[in-house]
Every structure is written in C-alpha cells, then in structure tokens.
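Chemist: Once you've had a glance at the structure underneath, I'll fire off some questions.
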Amino acid sequence: MTPIEYAPRSLLYVPGSNARALEKAQGLAADVLIIDLEDAVPADRKGAAREAMRAAVLASFPGKRVAVRVNGTGSAGQAADIAALAGLELDAVVLPKVDAVADLDPLRGLGLPIFAMIETPVAIYAARDIAADRDVRGLIAGLNDLAHELRLPDGMDRGAMSHAIQAIVLAARAGGCWCFDGVYNAIDDAAGFVAEADEGRRLGFDGKTLIHPSQVDPCNRAFAPSPREIAAAEALVAAATGGAQRHDGRMIEDMHVAAARALLERAGR
Numbered sequence: 006m007t008p009i010e011y012a013p014r015s016l017l018y019v020p021g022s023n024a025r026a027l028e029k030a031q032g033l034a035a036d037v038l039i040i041d042l043e044d045a046v047p048a049d050r051k052g053a054a055r056e057a058m059r060a061a062v063l064a065s066f067p068g069k070r071v072a073v074r075v076n077g078t079g080s081a082g083q084a085a086d087i088a089a090l091a092g093l094e095l096d097a098v099v100l101p102k103v104d105a106v107a108d109l110d111p112l113r114g115l116g117l118p119i120f121a122m123i124e125t126p127v128a129i130y131a132a133r134d135i136a137a138d139r140d141v142r143g144l145i146a147g148l149n150d151l152a153h154e155l156r157l158p159d160g161m162d163r164g165a166m167s168h169a170i171q172a173i174v175l176a177a178r179a180g181g182c183w184c185f186d187g188v189y190n191a192i193d194d195a196a197g198f199v200a201e202a203d204e205g206r207r208l209g210f211d212g213k214t215l216i217h218p219s220q221v222d223p224c225n226r227a228f229a230p231s232p233r234e235i236a237a238a239e240a241l242v243a244a245a246t247g248g249a250q251r252h253d254g255r256m257i258e259d260m261h262v263a264a265a266r267a268l269l270e271r272a273g274r
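Count along the sequence shown from 1, add 5, and you get the number used in my numbering.
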C-alpha cells in the first residue's frame with residue numbers, strides 16, 4: 006500500500022459484504038477506498054463482511070489506498086472488527102460516531118492513522134480536541150446522522166447545518182488535520198452532486214466521501230484545481246517579487262504566493 010501522504014479528493018465507501026462491489030472498486034479512480042463494516046452491512050452479515058474484507062485486502066488493490074470503517078466504540082461488533090484488521094496493510098481506519106477523544110482508544114494499538122467521523126452535536130463541540138489528537142489524520146462530516154440528531158424536518162438540509170459543517174472545517178484546520186465532506190444521498194442526481202461537491206470545496210473541505218461509483222470522477226474534478234486556477238497560480242508565482250505588490254488588479258503578498266504554489270503542487274499530483 007502507498008501511504009496517504011496528501012489529502013484525498015474522493016473517498017468511496019465499499020460495502021464489505023458486497024463481493025461484486027469489492028471487485029469493481031479495483032478499477033475505480035477513487036483516491037481512497039473505504040471498505041465498510043458498519044452501516045452498509047446488515048447485522049446478520051457482519052462476520053461475512055469481515056472475512057470478505059480480509060480476503061480483498063490480502064489480494065491487494067494495486068496502486069490503491071485502502072481504509073476500513075469499523076463499527077463504533079461501545080458497539081458489539083467493534084472488537085471483532087479490530088481483530089479482523091490484524092496483519093493487514095492498510096492506509097487508515099475510519100471510526101464512526103466519535104464523540105470524544107476517549108472513543109479513539111480501542112484503535113490506538115493498530116498503529117494506523119484514524120479518520121474520525123463527526124456525526125452528533127456532542128461531536129461538533131468536541132471536534133477541536135479530536136482533530137488535535139496525535140492519531141487522527143482527518144475528520145469526516147457524518148451529515149446524515151447529524152441531520153437526524155438535529156431533528157431537521159427536511160432531512161439533509163445543509164443550510165440548516167451550516168454552522169456545524171463549518172465547525173468541522175475549523176476544527177480540522179486548528180488541529181492540523183484534513184477534513185472531508187459528507188456523502189450525497191441522491192445517487193441519480195448528477196447535477197446536484199456536482200453542486201454540493203463544488204460547495205464543499207468552497208467551504209474548505211479537502212475532499213468528499215462517496216456512496217456510489219458514479220460520483221468518483223465528478224468528485225475528483227470538483228476537488229482538483231481547474232485549468233483557470235492553474236493558469237492564474239502560474240501567473241501569480243511568475244510575477245511575485247517578494248512582499249506586498251500589485252498583480253492583476255489586486256494586492257498580493259507572500260501568503261498568496263504560498264497558496265498558489267500549494268495549488269500547483271496539488272495539480273501536479
């Protein structure tokens with residue numbers, strides 16, 4: 006496996022109990038495959054999902070970065086999930102329903118980076134401490150569960166969750182880790198997905214979690230620098246002479262040059 010050295014754009018959940026989905030995932034362009042042992046797996050198929058996950062990882066996903074989502078801390082299945090990860094070469098483990106730093110403790114012995122899912126009002130207020138934990142590499146916005154916990158009458162109303170969504174981004178930046186937007190449920194609404202992915206990038210997310218293969222390519226495009234952005238960054242870097250100066254009708258300084266260089270580096274990846 007190749008270590009995750011830069012923020013992924015697309016993180017696709019793949020049900021651990023779905024052999025066809027696991028096989029198909031090998032040919033997808035998702036930056037990270039998250040083999041799911043939690044919500045995507047019925048209770049009576051958890052054991053089979055663990056076995057299928059192990060077989061899939063051991064068979065390897067050439068060139069792929071692979072994580073596994075285990076069941077939450079305190080759940081009946083988490084210990085078996087963790088045991089099933091023994092000896093596997095993974096890039097990360099995804100932990101749902103992280104309400105406090107203590108929820109991370111069962112995973113620490115794995116020696117893997119943790120992507121912590123922020124899914125409740127309690128988690129929103131604890132997100133800064135969670136993001137600052139030494140084992141946490143990223144926060145994932147679990148917006149379906151958050152909408153339920155907030156008792157939103159219209160379900161996935163991102164406007165009603167705007168404060169919470171931005172709090173996740175703020176916590177990640179304060180803690181020095183990545184942050185990933187939540188899933189888009191309407192898998193047949195391609196235009197709606199693109200609009201939400203574009204919004205997620207504008208809000209500061211590094212990438213987005215996905216639930217269907219059709220979302221991978223548009224997600225990668227949404228979270229990659231556009232040709233216009235690349236051209237503008239190249240022009241800014243070329244024009245920079247150090248300190249504050251006028252460029253293309255606006256004032257720029259070293260901070261803007263650093264941001265342009267970072268954009269070009271991301272584009273090169």
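Positions of the beta carbon are idealized from the N, C-alpha and C atoms, including for glycine.
1) Return the CA-CA distance between Ala-264 and Tyr-18, expressed in angstroms with no decimal places.
2) What runs of the alpha helix (DSSP H), each 4 residues or longer, lie entirely inside the segment 143-217?
3) For the beta strand (DSSP E) containing Ala-267, name the first residue and the last one.
4) Tell me whether the beta-carbon of Ala-48 lies closer than 9 Å to the beta-carbon of Gly-21.
5) Am I right that Ile-39 and Leu-16 are in contact with their C-beta atoms under 8 Å? What's the rounded C-beta distance?
6) Closest to Thr-78 by C-alpha separation, out of Asp-110, Ala-244, Ala-72 and Pro-67, would be which residue?
7) Mind listing, in chain order, the continuous beta strand (DSSP E) runs of no fewer than 3 residues lying wholly within the segment 60-146?
8) Which term fits Ala-196, buried or exposed, when burial requires 16 or more other beta carbons within 10 angstroms of its beta carbon?
9) DSSP has Met-256 in a bridge; who is on the other side?
10) So for Tyr-11, helix, strand or coil by DSSP?
11) Sort Gly-181, Pro-158, Asn-190 and Asn-149 by Cα distance to Thr-170 and report the nearest one.
12) Taking the CB atoms as reference points, tell me whether Ala-97 and Arg-142 lie closer together than 9 Å.
Modeler: Result, derived from the coordinates:
1) Your numbering for residue 264 matches position 259 in the sequence shown. Your numbering for residue 18 matches position 13 in the sequence shown. Roughly 31 Å between the two C-alpha positions.
2) 148-154, 167-180 and 195-208
3) Position 262 of the sequence shown, counted from the first residue, corresponds to residue 267. Looking at the DSSP string, Ala-267 is not in any beta strand (DSSP E); the run it does join, the alpha helix (DSSP H), is 259-273.
4) Counting from one through the sequence shown, the residue named residue 48 turns up at place 43. Counting from one through the sequence shown, the residue named residue 21 turns up at place 16. Contact: no.
5) Here residue 39 is taken as the residue at index 34 of the sequence shown, counted from 1. Here residue 16 is taken as the residue at index 11 of the sequence shown, counted from 1. At roughly 6 Å, the Cβ-Cβ gap stays under 8 Å, so Ile-39 and Leu-16 are in contact.
6) The residue you call residue 78 lines up with position 73 of the sequence shown. Thr-78 has its Cα closest to that of Asp-110, out of Asp-110, Ala-244, Ala-72 and Pro-67.
7) 70-74, 97-100, 119-123 and 141-146
8) Translated into positions along the sequence shown, residue 196 becomes position 191. Burial call: exposed.
9) As a position in the sequence shown, residue 256 is number 251, starting the count at 1. Paired residues: Arg-251.
10) The sequence position of residue 11 within the sequence shown is 6, counting from 1. Three-state result, Tyr-11: coil.
11) Position 165 of the sequence shown, counted from the first residue, corresponds to residue 170. The sequence as given places Ile at residue 170; Thr does not occur at that position. Out of Gly-181, Pro-158, Asn-190 and Asn-149, Asn-149 has the C-alpha closest to the C-alpha of Ile-170.
12) The residue you call residue 97 lines up with position 92 of the sequence shown. The residue you call residue 142 lines up with position 137 of the sequence shown. Yes, the Cβ-Cβ distance between Ala-97 and Arg-142 is below 9 Å.
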